[in-house]
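Undergrad: Residue numbers (full-length UniProt numbering): 1 to 128.
From the three backbone atoms N, C-alpha and C, an ideal C-beta is built for every residue, glycine too.
Input: one structure, supplied below.
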């Protein structure tokens with residue numbers, strides 16, 4: 001069972017996981033980590049980028065959708081299902097990025113810089 005799960009996760013993540021170590025957006029569950037798992041970090045992001053309450057609310061809403069897609073991998077049973085989920089994840093990531101660009105407007109670039117820096121501290125801390 002575990003071996004099959006590991007193989008399926010490798011199919012789902014593939015080479016994107018190495019890139020995600022440097023730039024997690026939009027391939028990793030950044031919004032879920034910021035607004036669900038580590039809400040203090042999400043508040044810090046909002047404060048440092050001077051996001052409006054409406055922008056923060058939209059990012060939180062997207063975090064919920066992102067989390068549901070992330071949990072879908074648990075139910076993958078075959079290579080065919082993994083391939084189908086990869087297609088859906090690719091579309092979801094593109095849509096998440098599009099909506100984030102619209103939501104943040106001119107702050108989108110600062111968001112990307114902030115996320116890369118924050119992610120590096122998260123990944124670096126986990127590796128120690």
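1) Under the rule that 16 or more other beta-carbon atoms within 10 Å means buried, what is residue 35, buried or exposed?
2) Give the DSSP-derived three-state secondary structure of residue 27 in the structure shown.
3) Roughly how many angstroms lie between the CA atoms of residue 72 and residue 85, to the nearest whole one?
4) If you run the structure through DSSP and keep just helix, strand and coil, what is residue 50?
5) Please report the distance separating the alpha-carbon of residue 116 from that of residue 97.
TA: So, from the data block:
1) In the chain shown, counting from the first residue as 1, residue 35 sits at position 35. That one is buried.
2) By 1-based counting over the chain shown, the position of residue 27 is 27. Note: residue 27 maps to coil in three-state DSSP.
3) Indexing the chain shown from 1 puts residue 72 at position 72. Indexing the chain shown from 1 puts residue 85 at position 85. Distance between the alpha carbons of residue 72 and residue 85 is about 8 Å.
4) Taking the chain shown and counting its residues from 1, the one referred to as residue 50 is at position 50. Assigned with DSSP and collapsed to three states, residue 50 falls in coil, not helix or strand.
5) For the purposes of this step, residue 116 is taken as the residue at position 116 of the chain shown. For the purposes of this step, residue 97 is taken as the residue at position 97 of the chain shown. The alpha-carbon atoms of residue 116 and residue 97 are separated by roughly 15 Å.
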